[in-house]
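Residue numbers (the numbering used here): 1428 to 1757.
Note that the Cβ used here is the ideal one computed from N, Cα and C, for glycine as well.
No experiment lies behind these values; they were computed from the predicted model shown.
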């Protein structure tokens, strides 16, 4: 009988745990709203305007973002208790390395609280004008509950994370903030702001794939441009080595940073023969470095603003023996 009871209790615990896991919200609509809370459109607009100031790189890492703001006619303590109960949240800390979590992993709801400091009960002045009546506030706070002895709750941050099947991370947050008083008007509102946010960020694999795709497209576009507009001796400012073949794709791939344009030619002649040609035509001696040769076209050695590099073909394969690179500043 005792063993049967232990088995029954274990099964009940397993079912209960599974129910809790299944109850974790996976979208904004599944997140419980405190009873009576109403939408705060003005606060939402303000948050979205702040978000629009973020740099494009930060925005590019997102898959989606949803923000909803509400105001509840209740003290923060009651709202906080509501979400601790509904989310089954435990005191905790954020996940340290989300990228280490596997698809399907659920990092359960946790929360962190912030309490008012004693400085809020001090008077604050702007010149001789009282802008924060700490004495009045202290009196007002004696009428509201303390979350723990000597501490009034200021805000609570709830968070949980789910790694989606495609590797993206969905971050869910519920921020509960006290908006219960106005010291200038000496009014007690007993209201709380609730901000619900769902942010889905792209996985590292997705970002790398997008970056590779963008780079491939940029190379393809630049390659098409160079094929239609191949360099001439006039645009290069130096003669083109006889019999060499211009490589638009390799030139495009080398020139993506935008500061310099690299024109790459391949030749079946040896690097020494190509070097001799340019030394004779340009009237300048090439500088040698580990089998490569550099002639400054603009600026001074060792780092000219524009230059000509002649080196053995160890990069591009094929029958070509020599790579000739002309670097021009855009």
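- Restricting attention to 1584, 1564, 1556, 1688, the CA atom closest to the CA of residue 1508 is found in 1584.
- Secondary structure at residue 1604: strand, using DSSP grouped into helix, strand and coil.
- Measuring C-alpha to C-alpha distances from residue 1468 to each of 1498, 1715, 1576, 1545 identifies 1498 as the nearest.
- Counting only residues of its own chain and dropping the five nearest sequence neighbours on each side, residue 1675 has a CB closer than 6 Å to the CB of 1650, 1653, 1654.
- Taking a contact to require three or more Cβ pairs closer than 8 Å, the region 1542-1557 and the region 1578-1595 qualify as touching.
- Residue pairing by DSSP puts residue 1598 in a beta bridge opposite 1588, 1626.
- With contacts defined as CB atoms closer than 9 Å, residue 1515 and residue 1450 qualify as a contacting pair.
- The DSSP-derived three-state label of residue 1738 is strand.
- Distance from the Cα of residue 1525 is smallest, within the candidate group 1718, 1734, 1629, for 1629.
- Scanning its chain for C-beta atoms nearer than 8 Å, with the 5 sequence neighbours on each side dropped, one finds around residue 1551 the residues 1557, 1558, 1559, 1561, in chain order.
- Assignment of residue 1537 by DSSP, reduced to helix, strand and coil, places it in the strand class.
- Following the DSSP letters along the chain, one finds residue 1668 in no beta strand (DSSP E), marked with neither H nor E.
- Its Cα nearest to that of residue 1567, the residue 1607 stands out among 1751, 1539, 1607, 1538.
- By the CB criterion at 9 Å, residue 1505 and residue 1618 fall outside the cutoff.
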